Each structure stands twice: as C-alpha cells, then as structure tokens.
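Data block below; observations after.
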Amino acid sequence: MGALDYFLLTLLFFGAVNALQVLGFDMQFGQVGVVNLAYVLLVAIGAYATAIASVPPAGHIIAVTYIGGFGWGFPWNLLFGIAVTVVAAFLLSTIAFRRLRYDYLALVLVSVGEAILLLATNQTNIVNGETGIVGVVGPWQNSLSNSSWYIAMSLLAVAFLVVMCVFYYKVESSPLGRLFKGVREDEILIDSLGRNSARLKVLGFLLGAACAGLAGGLLVLFIGGWSVGGWQPGETFIIVAALILGGRGRITGALVGAFVLMELFLQGGSLLKLPVSPVTLPIYQQLIAGIAILAVLWWRPQGLFPEKKEKFPSASKPLKTSNQDLAEPIAVSGESQWRTQ
Numbered sequence: 005m006g007a008l009d010y011f012l013l014t015l016l017f018f019g020a021v022n023a024l025q026v027l028g029f030d031m032q033f034g035q036v037g038v039v040n041l042a043y044v045l046l047v048a049i050g051a052y053a054t055a056i057a058s059v060p061p062a063g064h065i066i067a068v069t070y071i072g073g074f075g076w077g078f079p080w081n082l083l084f085g086i087a088v089t090v091v092a093a094f095l096l097s098t099i100a101f102r103r104l105r106y107d108y109l110a111l112v113l114v115s116v117g118e119a120i121l122l123l124a125t126n127q128t129n130i131v132n133g134e135t136g137i138v139g140v141v142g143p144w145q146n147s148l149s150n151s152s153w154y155i156a157m158s159l160l161a162v163a164f165l166v167v168m169c170v171f172y173y174k175v176e177s178s179p180l181g182r183l184f185k186g187v188r189e190d191e192i193l194i195d196s197l198g199r200n201s202a203r204l205k206v207l208g209f210l211l212g213a214a215c216a217g218l219a220g221g222l223l224v225l226f227i228g229g230w231s232v233g234g235w236q237p238g239e240t241f242i243i244v245a246a247l248i249l250g251g252r253g254r255i256t257g258a259l260v261g262a263f264v265l266m267e268l269f270l271q272g273g274s275l276l277k278l279p280v281s282p283v284t285l286p287i288y289q290q291l292i293a294g295i296a297i298l299a300v301l302w303w304r305p306q307g308l309f310p311e312k313k314e315k316f317p318s319a320s321k322p323l324k325t326s327n328q329d330l331a332e333p334i335a336v337s338g339e340s341q342w343r344t345q
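Numbering (the numbering used here), first residue to last: 5 to 345.
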C-alpha cells in the first residue's frame, strides 16, 4: 500500500471522528440549545479515560505518573472512556445548570474547561502533565499488518459514525426529539406542559457527551496517546464553526460541516506537506474557521443545510368535502336511512 493510500485512510478516519465530534455538539447545541463552549473538554475526558484503561500502571516507566492504569483491551477500554465522559458530563451539568441563562451558562462552561485544562497541565500526578499519556496500543494493532490495521481502524470509525447517525436520527424524529427542540426554543412553555425542561436539557447534554467520549476514545486508540496540546480552547471554536457552516439541528448539516471545514480545509492541510511552519499552521487553521463563520453568518446564517421545520395542518382551514360526503347512512331500528348533513 502506497503513501497515497495511507493518506486517504488517515483522512477517512479523522473525517469520521471529526463528524462524531460535531454530531455530539449538535445534540447539545442544535437540539437542546446548550452553548457548550467547553465541548472539547468532554472529548479530552474520553481520550484520557480510554488511555488510562489501556495502559498498565504508571510504575513501569520512570518519571511518568498518572492515575489508574488498568491494561484493558478493546472494547472495554473504549466503553470505560465513554462511561467516564458521561459521568463527568452529569457532574458538570449539576454544577452548571443552575437556572442560568444561555449566555451565562456558556461562560460557566468555558471557565470550568479552562480550570480543568490548567489542572491537567500543572498537576503531573493526574494525567502526566503536559507530556500526557503515551504507549496506548490500538485494537488488533499487534496482530495485523500496518496497512490492514489502518483499514480496520478507518472502517471501525465509519461504523461507529453510522451507528450514531442512525441513533440520533431516531431520537430527532421521536417525541423526545420534539421535546428537546421545545426546550431549545422555550423552556417555560415545556414546563407549563408538565415536562421537566431541566431533566430534558441534562439528557440531551449527556447524549452529546457520549458521542464526544466515543470520538476521544477512537482518537487515542489511533494515535497512541493524548496530551493537553490536543484539547486547547481553539478546538471547540473549530467544532462550533463546522456546525454553523453545515447547519445546526440536522444530521446532514453536522456531517457536511465536519467534512468540509474540519476535513478538507484543516485536517487535509495538516496531513499534506504545505509550505507552512508547523508552529503557525494552527493559527491559519483558526483563521480559516473564523472566516468561514463570518461568511456563513453574513450570506447564509441558517447554514448550508438548515433545519427542516415541521409543518402541521392548520386547524382554521375548513375540511374539503364533496357532495357525496354530505349524506351518510345511519341505522335506525334496523333500517338504513339517509341523513343530510
């Protein structure tokens, strides 16, 4: 297998993982309306938890310290990462969701994300500080050839993406999905109808967190490690830009935004040998994301694939009837008679 094949498989893997990230953010922001500007924190929790479940205890390497170290294999390490992410998201929701308005809620989530980032960077005994956790062995990596492993990981990521798309479509088209959008539009109205808008908001937040944990776990299984450099605040900005570009509240918009912005413009530029310094490349990537947001908000604020509004028949319109429908048979004392309406 040539270099082009490896490049395309890598592009496919990261495209599926990026789509999972945007899909999870769409569940939180597009469906429930939670402006989670610390979304990349959930991706990092899933990555760290999967790494901790995969590697052995820290005592086997000098000057490397981190909590845990279970040495589990696939899929238990990935399931552990998803579970830890959901639990962390639930704890975060109990702290942040205190009847805060959406703008204040966004500020609280950003503050919590920055605090945890500083803690993970400076406290080396949690996740090994800036160095992070390395040495994670991916599924089937020791039993397959390099080319076969690339193919297997790419197909695995695509399979998870398909499963999550089907699951989110079922949720979106169900009565629960309509309640989610009702919470997004008017929480007071949902409460007045006897539904608990706070619980619905937390449920949507947890569903998006599960997708973020899955994406983070797949990333660490593919690249073999995770550090604080992979979840800087600018990463959330790129995810927000991708969803705004594609259109929130719709699976197609999330997928298109992820593949167009994050894959073609950003991920493709990172993998290709462009005449740009690796130090300045992230700056250009965030610049492209900012230009994309401004362009979409100016010319097409609803996104490339806007959310479809459900249409219901109006109760004020009279029903169309024909002359034959003006009379119907009724049974009176066993005889068939006709009554004109």
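C-beta atoms are modelled at their ideal positions from N, C-alpha and C, and glycine is treated no differently.
Remember, it's a predicted structure, so these values are computed and weren't measured experimentally.
Quick test of your reading: residue i and residue j, contact by CB under 8 Å. State the CB separation rounded to the nearest angstrom.
i	j	result
L225	T89	So it is not a contact: roughly 15 Å between Cβ atoms.
V59	G139	6 Å
V26	W235	Contact doesn't hold; Cβ gap of about 15 Å is too wide.
V21	Y106	In fact, because the Cβ distance is near 28 Å, the residues do not count as touching under 8 Å.
V300	L249	5 Å
Y10	Y154	6 Å
Could you check if residue i is buried or exposed, using at least 16 other CB atoms within 10 Å of its CB as the buried criterion?
i	result
A7	exposed
W80	exposed
L165	buried
Q127	exposed
V336	Caution applies to V336, whose pLDDT of 48 falls short of 50 and renders its modelled position unreliable; the model cannot decide the point.
W342	In this prediction, W342 has a pLDDT of 43, which is less than 50 and means its spatial position is unreliable; nothing more can be read from the coordinates.
Y108	exposed
L24	buried
M5	exposed
A213	buried
L298	exposed
S97	buried
G19	buried
A216	buried
G198	exposed
E176	buried
F33	buried
I122	Here the sequence assigns Leu to residue 122, which means Ile is not the residue at that position. Exposed is the call here.
N132	buried
E134	exposed
L104	exposed
V170	exposed
P179	exposed
V187	buried
S201	buried
L265	buried
K260	Correcting the residue type first, residue 260 is Val in the shown sequence and not Lys. Looking at its Cβ environment, which holds 16 or more other Cβ atoms inside 10 Å, V260 is buried.
A57	buried
A124	buried
P353	Because the chain in this structure spans residues 5 to 345, residue 353 falls outside the shown range and cannot be described.
Spell out the partners DSSP gives residue i in its beta bridges.
i	result
Y70	V131
W230	I137
Can you check whether the CB of residue j is closer than 8 Å to the CB of residue i?
i	j	result
L13	S115	no
K174	V36	no
A219	G28	yes
W230	G136	yes
M31	G208	yes
R252	K312	no
A100	L113	yes
T240	L41	yes
I130	Y70	yes
G221	G85	yes
L210	F78	no
G228	F309	no
A62	G73	yes
Any chance the CB of residue i is under 7 Å from a heavy atom of the ligand GDP?
i	result
L41	Only the bare structure without any ligand can be found here, which leaves the ligand GDP out of the picture.
Practice problem: Please confirm if the segment 288 to 307 is in contact with the segment 239 to 248, defined as three or more CB-CB distances below 8 Å between the two stretches. | Solution: yes
Quiz item: Is it true that the segment 181 to 194 meets the segment 45 to 52, where meeting means three or more beta-carbon pairs spaced less than 8 Å apart?
Solution: no
Quiz item: With a cut-off of 8 Å, do at least 3 Cβ pairs link the segment 13 to 28 to the segment 144 to 163?
Solution: yes
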